[in-house]
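Novice: Those protein sequence lines, which keep their order, are chains H and R.
First residue of the first sequence: 6, per this note's numbering; consecutive thereafter.
First residue of the second sequence: 13, per this note's numbering; consecutive thereafter.
Have a look at this one before I ask anything.
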Amino acid sequence: MSDTFSWWGILSTVGVLTGLGIIFGALLGVVSERFKREDNPLVEQIDALLPQTQCGQCGYPGCRPYAEAINQGDALNKCPPGGEATIHALADLLGREAEPLDGDAQSEAKVAFIREEECIGCTKCIQACPVDAIIGAAKLMHTVIEDECTGCDLCLDPCPVDCIDMLPRSAPLTQWQPIVTPSPELIVSDRQPAPGGLHAERL
Amino acid sequence: MPSAYDFPGGIYPPERKQRSSQATLIEAPLPSWVTLPLQQHSGQPATPCVARGDSVKVGSVIANREGMISSNLHASISGTVTEVTTAQITIEGDGLDEWFRLPSLDWRSAGRQELLERLNESGIVGLGGAGFPSHIKARVVERHAIDTLVINAAECEPYITADDLTLRHYPGEVIEGAQIIAKLCDAQHIVIGIEDNKPEAIEALQQALADSQPVPVELTVIPTRYPSGGERQLIKKLLDLNVPSGGLPADVGVLCHNPGTLLAIRHAVRDGQPLVSRIVTLTGEAIAQPGNRWVRLGTSVMELLEEAGVNHSALNQVIQGGPMMGKSLLTLDTPVTKLTNCLIAATLDELPPPPAEAPCIRCGECENVCPVALLPQQLHWYARAQDDTKLERYHLFDCIECGACSYVCPSHIPLVVDYREAKSRIRLQRIEATKAEHAKHRFEFRQARLAREEAEKQARKQARQAQQRRPSNTVTPSTSSDKVDLRGLRIAHAAAKASVKKAEKTLARVAQEDPKQSLDDLEMQLATAQENLKAAELQLAQAREEQSSEESP
């Protein structure tokens, strides 16, 4: 029994393990210092999932600040333009519980439209636009570049004459539209060819 | 003849080609009016260059190509333009059929540029179905070396006989068209792939092959099986080459053309005749005189069917294209376009509507027939669940939408409809994602600009204060109540400099790799980095000044 118990054995084990700990600790320290990243990669990933409307409805000035706040532990459900899909994507990414959306979901994509005859050229909306999508100059008519507008509606409040409307974004005919499925009250045996000849449900 | 290799899967649907292939090729009567859509090709629609009331001849350009991938459009009858909208141009015919032709070109002596320009001017697009502009396709040689030109005469879909009749009547012209393309692309071989159900076309080709030069032409007869006319499938079958996923045949040194396109190319070059008509198969049980017709583009489908003796009481649906991949027309008040290769006026008994869909029983029949070796049952599952990551993992975008899986499905699931829908949905999502990315860059640019403006304002303010201070020469208390963080500013300045360099490098690299790509977004990123650098520089200069003024008194 006494052969197996020796102080030397215990001390050498402790010494070796301590030494290994010090070496690996130093290695990790050097590596983390050498390959340090200024930005947080997780914030980038969260930012990529946000819709980038920069609307500020979450209470932060833009999508990136909200991404940083989420990373600090803020709730996931403050983005109405992103809707449920964004909440689920964020919950998947961060391994957190998906919560119901705080606020009203947007039914469709919208863009701002300036009623040009009513515009007085105050440039207030230009200053409010987070993506520089409004062009115009002082005392001259302004207009919105439709392709660049994110539909954030930040230009609505500053307008002193209320000449800005939020209109549905025009979709080109060639763009995909969801197929309208037959209404649920239709049962299988109802699916006969239409009297006109063309069976429309195939299209 | 090299041994034929094989692609997986495939089906043998009833061919039903006899009705249209037995009649001879005739000219359809000249239409009294035509409607020409501005988009009859892939890419951007053309821009009209005529106005209401202009008189045009057959072959006059009525709409110019717009952007990189687009094609010219020509009047297909002589007469007066009666309507120009954003979608189409209508021409009322004068019945004179006066032509406007370009001068004839001898392709053997003509230069490359001259030939490309002729294809461009003549509005030639791929007549097989996709409608890709031929002059752009011919320019693929600028990036990939082309070894073999494949003439895709397989025409594997049931009913369609347009290519069969083209080859029977114009074998020499088609091969001459192939020689023109071979010259443009420096191809060393021409291979014709044709299914063995077209003996007359094969015989005609064999006779025409004898005096074809300079590039040797090889005729390979392959057994009839659907979908051997798919580009990738035919290349595998003829040359045993696998076109990579997401790639083009040009990646393996092959270019594929349809006989109809080659005939149109030959007409454009030798006769100076732009693409104003094409061969259309009119078939189906509801038509009294089926067959192939030379049809002017823009002819109303209704008039064409009336002329072929359509029986309205028996007619159930009109399919444009073949029964496997074609689409059922919602209205007959639609024109024949560059892409209309076949019109099937089907009766209810001939092509009955699919029975009601039943749940998938996972029999695996679809997997056996898939020519791309995909797993259609899994794709069906994920497409319905809208599981996009899984769809991409199961290579949804490699699906050629041939319809073999739907054809054999014992549960009658419209699988291809699901795949098309899923593809379109994912494409739209990608567009939305790039839009969001673009908005983000614009937002960042604005932030950087505001920061730069703020820094400039501060610098001006400080300069003013310094000027006021000097003449009075009074000792002002140090303004830097907040400690100037010189080191932090220096780091920020260096980081801004590095990001400008990085943005410049990325821009230069992308511009070199693909000069045609839009660089707007990258240019904006560079501008953002430059604005940030300016702001950092100003802040740094300001901080240094403050420090020196602190030290000097």
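C-beta atoms are modelled at their ideal positions from N, C-alpha and C, and glycine is treated no differently.
Over what stretch of residues does the beta strand (DSSP E) that includes residue 332 of chain R continue unbroken?
Specialist: Where residue 332 of chain R is concerned, the enclosing beta strand (DSSP E) stretches over 327-332.
Novice: What residue does the beta strand (DSSP E) around residue 170 of chain H start on, and which one ends it?
Specialist: Segment 169-173, the beta strand (DSSP E) holding residue 170 of chain H.
Novice: What residue range does the alpha helix (DSSP H) around residue 417 of chain R cover?
Specialist: Per DSSP, residue 417 of chain R belongs to the alpha helix (DSSP H) from 416-420.
Novice: By DSSP, does residue 148 of chain H sit in helix, in strand, or in coil?
Specialist: Strand.
Novice: Hey, is residue 452 of chain R's beta-carbon within less than 8 Å of any beta-carbon in chain H?
Specialist: At least one chain H Cβ lies under 8 Å of residue 452 of chain R.
Novice: Quick check on residue 40 of chain H: buried or exposed, where buried means 16 or more other Cβ atoms within 10 Å of its Cβ?
Specialist: Exposed: under 16 other Cβ atoms inside 10 Å.
Novice: Taking only three categories from DSSP, how would you classify residue 81 of chain R?
Specialist: Three-state result, residue 81 of chain R: coil.
Novice: At least one CB of chain R closer than 8 Å to the CB of residue 100 of chain H: is that the case?
Specialist: Residue 100 of chain H does not count as touching chain R.
Novice: Does the CB of residue 436 of chain R have a neighbour CB from chain H at under 8 Å?
Specialist: At least one chain H Cβ lies under 8 Å of residue 436 of chain R.
Novice: Mind listing, in chain order, the continuous alpha helix (DSSP H) runs of no fewer than 4 residues lying wholly within the region 145-200 of chain R?
Specialist: Entirely contained in the region 145-200 of chain R, the alpha helix (DSSP H) runs reaching 4 residues are, in chain order, 146-150, 174-181, 183-197.
Novice: Please look up how many angstroms separate the CB atoms of residue 453 of chain R and residue 551 of chain R, rounded, as I've assumed it's under 8 Å.
Specialist: That belief does not hold up - the Cβ atoms of residue 453 of chain R and residue 551 of chain R are roughly 23 Å apart, past 8 Å.
Novice: Identify the contact partners of residue 116 of chain H in chain R, using a Cβ-Cβ distance below 8 Å as the criterion.
Specialist: Chain R residues near residue 116 of chain H: none, gap ~12 Å exceeds 8 Å.
Novice: Which of the three DSSP states, helix, strand or coil, is assigned to residue 130 of chain H?
Specialist: Three-state DSSP puts residue 130 of chain H in a helix.
Novice: Roughly how many angstroms separate the alpha carbons of residue 142 of chain H and residue 126 of chain H, rounded to a whole number?
Specialist: Each residue's Cα considered, the two are about 7 Å apart.
Novice: Could you give the DSSP three-state label for residue 205 of chain R: helix, strand or coil?
Specialist: Note: residue 205 of chain R maps to strand in three-state DSSP.
Novice: To be precise: take each residue of the region 116-143 of chain H, compare its Cβ to all Cβ atoms of chain C, and keep it if any distance is under 9 Å. Which residues remain?
Specialist: Any reference to chain C falls outside this structure, whose protein chains are H and R.
Novice: Taking the alpha-carbon positions, what's the residue 489 of chain R to residue 473 of chain R distance?
Specialist: Because residue 489 of chain R carries a pLDDT of 47, less than 50, the predicted location of this residue cannot be relied on, and no value is offered for it.
Novice: Enumerate in chain order the residues of its own chain whose CB-to-CB distance from residue 94 of chain H is below 7 Å, with the five nearest sequence positions on each side excluded.
Specialist: 54, listed in sequence order.
Novice: Residue 491 of chain R to residue 448 of chain R, Cα distance in whole Å?
Specialist: Since pLDDT at residue 491 of chain R reaches only 48, below the 50 mark, its modelled position is unreliable, and no value is offered.
Novice: Let me know the secondary structure DSSP gives residue 569 of chain R once reduced to three states.
Specialist: Nothing about residue 569 of chain R can be reported from this structure: the residues present for chain R run from 13 to 565 only.
Novice: When DSSP builds the beta bridges, which residues end up paired with residue 104 of chain R?
Specialist: Residue 104 of chain R is bridged to R:45, R:92.
Novice: Please confirm if residue 581 of chain R has its CB atom under 8 Å from at least one CB of chain H.
Specialist: Shown here, chain R extends from 13 to 565; a query on residue 581 of chain R therefore has no answer.
Novice: Check this for me: beta carbons of residue 110 of chain R and residue 73 of chain R, under 8 Å apart or not?
Specialist: Cβ atoms of residue 110 of chain R and residue 73 of chain R: not closer than 8 Å.
Novice: Report the neighbours of residue 67 of chain H on chain R: residues whose CB is nearer than 8 Å to its CB, in chain order.
Specialist: By Cβ distance, chain R contributes 455, 459.
Novice: Look at the Cβ atom of residue 81 of chain H, then the Cβ atom of residue 49 of chain H, and state whether they are nearer than 8 Å.
Specialist: No, they are not a contact pair.
Novice: Determine, using beta carbons only, whether residue 40 of chain R and residue 303 of chain R come nearer to each other than 8 Å.
Specialist: No, Cβ-Cβ distance for residue 40 of chain R and residue 303 of chain R is not below 8 Å.
Novice: Which residues of chain H have a Cβ atom closer than 7 Å to the Cβ of residue 519 of chain R, listed in chain order?
Specialist: Result: empty, since nearest Cβ-Cβ is about 20 Å, beyond 7 Å.
Novice: Does the pairing of the region 243-251 of chain R with the region 15-24 of chain R give three or more beta-carbon distances under 8 Å?
Specialist: A contact exists between the region 243-251 of chain R and the region 15-24 of chain R.
Novice: Taking the alpha carbon of residue 270 of chain R as the reference point, which residue from R:242, R:463, R:368 has its own alpha carbon closest?
Specialist: Comparing Cα positions, the closest option is R:242.
Novice: Could you say if the region 142-158 of chain R and the region 260-276 of chain R meet the contact criterion of at least three C-beta pairs nearer than 8 Å?
Specialist: Yes, the region 142-158 of chain R touches the region 260-276 of chain R.
Novice: Go ahead and pull the three-state DSSP assignment for residue 395 of chain R.
Specialist: Looking at residue 395 of chain R - three-state DSSP - the assignment turns out to be helix.
Novice: According to DSSP, is residue 12 of chain H part of a helix, a strand, or is it coil?
Specialist: Of the three classes helix, strand and coil, the one that applies to residue 12 of chain H here is helix, per DSSP.
Novice: Any chance the CB of residue 56 of chain R is under 7 Å from a heavy atom of the ligand HEM?
Specialist: What this structure holds is no ligand at all, so the ligand HEM is not there to describe.
Novice: Does any residue of chain H bring its CB to less than 8 Å from the CB of residue 120 of chain R?
Specialist: Not an interface residue.
Novice: When you compare the CB of residue 442 of chain R with every CB in chain H, is at least one pair closer than 8 Å?
Specialist: Chain H, which has no Cβ nearer than 8 Å to the Cβ of residue 442 of chain R, makes this no.
Novice: Please confirm if residue 56 of chain H has its CB atom under 8 Å from at least one CB of chain R.
Specialist: Yes, its Cβ sits closer than 8 Å to a Cβ of chain R.
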